[in-house]
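Student:
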Amino acid sequence: MCGIVGYVGHQPALDIAVDALRRMEYRGYDSAGVAIVDNQGHITVEKKAGKLANLEAALDADGRDKITGTTGIGHTRWATHGRPIDENAHPHQSYDGKVAIVHNGIIENFAPLRQELEDAGIELKSETDSEVAAHMLARSLDGSDGGSTAGDFEASALSVLNRLEGAFTLLFTHADHPDRIIAARRSTPLIVGVGENEMFLGSDVAAFIAHTREAVELGQDNVVIITADDYRILDFAGNEQQGRPFTIDWDLAAAEKGGYDSFMMKEIHEQAAAVRDTLAGHLVDGRIVLDESRLSDQDLRDIEKVFVVACGTAYHSGLLAKYAIEHWVRIPVEIEVASEFRYRDPVLDRQTLVVAISQSGETADTLEAVRHAKSQGARVLAVCNTNGAQIPRESDAVLYTHAGPEIGVAATKSFLAQVAANYLVGLALAQARGTKYPDEVTREFEELETIPALIDKVVAKGDEFIDMAKEIGAIPTMLFLGRHVGYPVALEGALKLKELAYIHAEGFPAGELKHGPIALIEDDLPVVVVVPSPKGRAVLHSKIVSNIQEIRARGAKTIVIAEEGDQSVVPFANYLIEIPETSTLLQPLLSTIPMQFLAAEIARQCGNEDIDKPRNLAKSVTVE
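In this text, residue positions in the sequence shown follow our numbering: the first is 100, and each later residue adds one.
#1: Quick one: residues in its chain with C-beta nearer than 7 Å to the C-beta of Q695, no 5 flanking neighbours on either side, listed in chain order?
#2: Would you verify that the beta carbon of Y601 is, or is not, closer than 8 Å to some beta carbon of chain D?
#3: Quick check on L270: does DSSP put it in helix, strand or coil?
#4: Since A676 and F564 are thought to touch, with beta carbons under 8 Å apart, how far apart are those beta carbons, to the nearest angstrom?
#5: Beta-carbon within less than 7 Å of V428's beta-carbon, same chain only, minus the 5 sequence neighbours each way: which residues are those?
#6: Quick check on N484: buried or exposed, where buried means 16 or more other Cβ atoms within 10 Å of its Cβ?
#7: Compute the Euclidean distance between the alpha carbons of G292 and L270, then round it to the nearest angstrom.
#8: Based on the DSSP output, what are the partners of S392 in its beta bridges?
#9: Taking the alpha-carbon positions, what's the A116 to V482 distance?
#10: With 16 other CB atoms within 10 Å as the buried threshold, where does R375 fall?
#11: Might you give, ordered along the chain, the residues of its own chain that have their beta carbon closer than 7 Å to the beta carbon of A186, omitting 5 neighbours on each side?
#12: Any contact of the segment 268–282 with the segment 189–200, i.e. 3+ C-beta pairs under 8 Å?
#13: List the DSSP bridge partners of Q192.
#14: Kindly indicate which residue of P344, Y128, G460, Q110 has the alpha-carbon position closest to the one of T287.
#15: I'd like to confirm the pairing. Which residues does DSSP put opposite V454 in its beta bridges?
#16: DSSP three-state call for N187: helix, strand or coil?
#17: Would you kindly work out how many angstroms separate the C-alpha atoms of A455 and V479, rounded to a whole number?
#18: Taking all protein chains shown into account, do 16 or more other C-beta atoms lie within 10 angstroms of the C-beta of H471, making it buried, or fewer, making it exposed?
#19: What would DSSP say about Y128, mapped onto helix, strand or coil?
#20: Measure the Cβ-Cβ separation of T377 and A573 and say whether it is below 8 Å.
#21: Considering only residues of the segment 603–660, which uninterrupted beta strand (DSSP E) runs meet the minimum length of 3 residues and lie entirely inside it, listed in chain order?
#22: For V405, does the count of other Cβ atoms within 10 angstroms reach 16, so buried, or fall short, so exposed?
#23: Alpha carbon to alpha carbon, what distance is there between A423 and S302?
#24: Do S239 and V259 count as a contact pair if the criterion is CB distance below 8 Å?
#25: Can you find the residues in the same chain that come closer than 6 Å, C-beta to C-beta, to F544, ignoring five residues on each side of it along the sequence?
#26: Would you tell me roughly how many angstroms separate the C-alpha atoms of L418 and E339, rounded to the nearest one?
#27: Assign H583 to buried or exposed, taking buried as 16 or more other Cβ atoms, counted over all protein chains shown, within 10 Å of its Cβ.
#28: What number of angstroms, rounded off, separates the C-alpha of Q370 from the C-alpha of A237?
#29: For the segment 121–131 against the segment 312–322, are there 3 or more C-beta pairs whose distance is under 8 Å?
#30: Is T683 near V588, with beta carbons less than 8 Å apart?
#31: With H, G and I counted as helix, E and B as strand and the rest as coil, what does DSSP make of A232?
#32: Quick one: residues in its chain with C-beta nearer than 8 Å to the C-beta of L333, no 5 flanking neighbours on either side, listed in chain order?
#33: Alpha carbon to alpha carbon, how far is L697 from H234?
#34: Just confirm the distance between the C-beta atoms of H191 and S229, as a whole number of angstroms; I'd bet it's less than 8 Å.
#35: What is the DSSP secondary structure of E570, reduced to helix, strand or coil?
#36: Compare the C-alpha of G149 against each of G507, G168, A372, H174 and name the closest.
Here it is as structure tokens:
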């Protein structure tokens with residue numbers, strides 16, 4: 100959640116901060132704010148509830164030229180504690196006006212800390228858990244807390260950090276120390292950007308990609324002090340630590356819309372490349388190779404059970420992983436929402452593989468599931484789109500999706516890339532356990548490699564899908580049906596519509612219709628049906644054709660997604676969407692795409708013009 104930027108250098112910090120927030124607003128848009136430190140011992144704070152445009156309007160009204168300084172911090176908020184109002188927006192200042200902080204995450208022990216501050220006579224201005232950190236730092240620096248760190252910015256910051264519980268990223272600035280920012284991370288993201296005579300901090304690399312592609316990955320419970328020409332990394336005890344430098348493999352253009360009217364539309368059109376890049380380099384000498392692995396083939400052969408844990412769209416990709424792994428590897432697979440996993444005491448041991456799927460690699464629920472699995476002795480394999488994120492760092496093996504930056508909050512290209520990566524995991528397990536011969540693994544991989552070209556064919560028909568959506572118009576509800584691998588696709592289609600159009604949408608296994616959901620069918624209710632190939636699963640195909648007839652008989656308006664040439668569904672389709680023929684397991688990589696277009700345009704018909712920023716949501720969920 101929340102986007103954070105920090106800058107120390109030679110350029111106007113205000114421009115740097117606002118530009119960074121613009122590229123990170125997808126992380127939260129309940130409020131935005133900046134704090135700029137000048138060289139006269141003064142901090143200027145400007146913050147506004149709502150989207151970044153509100154902050155920019157306030158800055159223009161006050162006069163941007165009046166805000167000087169080459170050190171600054173910024174924040175775009177997804178609200179946890181406290182309503183999205185001006186007072187709760189970040190940055191927060193201390194009682195003496197000398198400290199300004201921004202925070203991502205949750206300070207779990209903020210209630211006793213807040214009480215302690217109030218007992219000391221300090222009046223807090225916000226309802227947030229974050230504000231306590233600003234006052235605590237001021238008290239530590241001026242000595243009013245009775246500690247021994249008075250006058251020492253670094254020691255005071257460490258003292259405060261060691262009193263905080265929870266998951267957080269914090270940036271500290273001080274009016275008397277305009278040459279530096281002190282920052283820390285615990286289970287939420289923070290990356291250092293290294294420029295020429297300037298240093299950056301960001302929740303992700305989008306914060307500084309316009310200025311440098313050189314970055315440093317921080318470890319868990321790391322503190323970093325940045326100045327214009329250097330950075331130092333410490334642990335919470337003040338001991339020197341080493342970060343991991345890396346070069347960002349995408350540029351500014353990848354984070355811009357590139358002529359599309361939204362990031363979501365741009366990212367839908369990038370799906371073929373995302374799948375192609377995810378597959379690239381993973382078949383070497385007839386063997387599937389992972390990006391990182393501390394697991395031997397014997398470790399993989401010893402696996403007797405697989406758990407897949409994920410949230411949201413990633414969970415739907417995990418459902419497809421279950422179909423592929425059980426089919427290819429012949430071992431049982433359980434799929435579970437990550438937020439529930441550790442609370443039900445699952446049975447885990449060294450013969451269990453937990454596959455953790457997360458686009459950001461920072462998803463709090465999934466990270467905690469990984470930690471629980473590790474504590475029980477299980478092996479963990481991460482599927483992730485972000486190099487160096489916390490989940491892959493804590494896993495035994497990693498397979499990265501190479502979807503590039505995904506700015507639209509509703510996942511599109513990351514979903515298809517995850518599905519492709521999950522299938523690679525299945526093939527790697529089949530290879531290790533000997534359930535598929537090398538030539539069979541190669542054949543399955545080569546079929547996967549044909550998919551990007553077919554994805555392009557479906558995406559090219561996007562205008563047809565948009566026209567359909569315009570005809571369907573603003574609707575109050577929509578249902579999605581599928582069988583076998585079509586069921587997770589139906590769930591994903593329903594989720595997209597909920598996220599973007601703010602209407603009720605539900606995905607069902609088509610066979611469950613007669614067990615209750617068919618009661619929902621009424622005249623003109625739009626129902627999307629994902630039809631399996633008649634060549635792959637003939638019995639499933641005939642049954643879902645019957646399901647279409649059943650809902651048509653009750654007045655439903657059917658939107659049927661079927662393979663080209665499948666004439667059996669034509670009489671029962673109000674709208675027919677044809678996709679290229681492919682194998683059963685690979686069809687979701689094609690059948691999902693029309694639903695993305697439909698959801699985007701129906702959302703606009705329902706009044707949501709900003710499909711990149713659906714209300715109440717954020718791209719990366721770093722709180723439980």
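Where is the CB? At the ideal position from N, CA and C, for every residue including glycine. As the structure is a prediction and not an experimental result, all values here were calculated from the model.
Tutor: Taking the structure as given:
#1: Closer than 7 Å at Cβ, skipping near neighbours: I367, T511, K595.
#2: Absent here is chain D; the protein component of the structure consists of one chain.
#3: The three-state secondary structure of L270, taken from DSSP, is strand.
#4: Ala is not the amino acid found at residue 676; the sequence shown has Ile there. Their Cβ separation, rounded to whole angstroms, is 7 Å, which keeps I676 and F564 in contact under 8 Å.
#5: Excluding residues within five positions, the ones whose Cβ falls inside 7 Å are G525, L528, A529, R532, T534.
#6: Buried, since its Cβ has 16 or more Cβ neighbours within 10 Å.
#7: Within the model, the alpha-carbon separation for G292 versus L270 is close to 14 Å.
#8: Paired residues: A496.
#9: If I take the Cα positions, the gap works out to 31 Å.
#10: Buried, since its Cβ has 16 or more Cβ neighbours within 10 Å.
#11: At residue 186 the sequence reads Glu, which differs from the Ala that was named. For E186, same chain residues with a beta-carbon under 7 Å away, outside a window of 5 residues either side, are K224, S225 in chain order.
#12: Taking one beta carbon from each stretch, the segment 268–282 and the segment 189–200 have 3 or more pairs nearer than 8 Å; the two touch.
#13: DSSP output for Q192 lists A199 as bridge partner(s).
#14: Taking each of P344, Y128, G460, Q110 in turn and checking the Cα distance to T287, the smallest one comes out for G460.
#15: V454 is bridged to V407, L480.
#16: N187 sits in a helix when the DSSP states are folded into three classes.
#17: So the two alpha carbons sit approximately 7 Å from each other.
#18: Buried is the call here.
#19: The answer is coil: DSSP assigns Y128 none of H, G, I, E or B.
#20: For T377 and A573, no; Cβs fall outside 8 Å.
#21: Whole beta strand (DSSP E) segments, 3+ residues: 603–608, 625–629.
#22: A buried status is given to V405, since no fewer than 16 other beta-carbon atoms sit within 10 Å of its beta-carbon.
#23: Cα-Cα distance, rounded: 34 Å.
#24: Cβ atoms of V259 and S239: closer than 8 Å.
#25: Cβ neighbours of F544 beyond the five flanking positions: L382.
#26: If you take the alpha carbons of L418 and E339, they lie about 43 Å apart.
#27: With 16 or more other Cβ atoms inside 10 Å of its own Cβ, H583 counts as buried.
#28: Roughly 49 Å separates the two Cα atoms.
#29: Here the segment 121–131 makes no contact with the segment 312–322; the two share fewer than three CB pairs at distances below 8 Å.
#30: Not closer than 8 Å, so no.
#31: The DSSP-derived three-state label of A232 is helix.
#32: Taken in chain order, the residues that qualify are L257, N321, V322, V323, I324, E339, Q340.
#33: Rounded to the nearest whole angstrom, the C-alpha separation of L697 and H234 is 49 Å.
#34: Indeed, because the Cβ distance is near 6 Å, the residues count as touching under 8 Å.
#35: In the structure shown, E570 sits in a helix (DSSP, three-state: H, G or I).
#36: Here the closest residue by C-alpha is H174.
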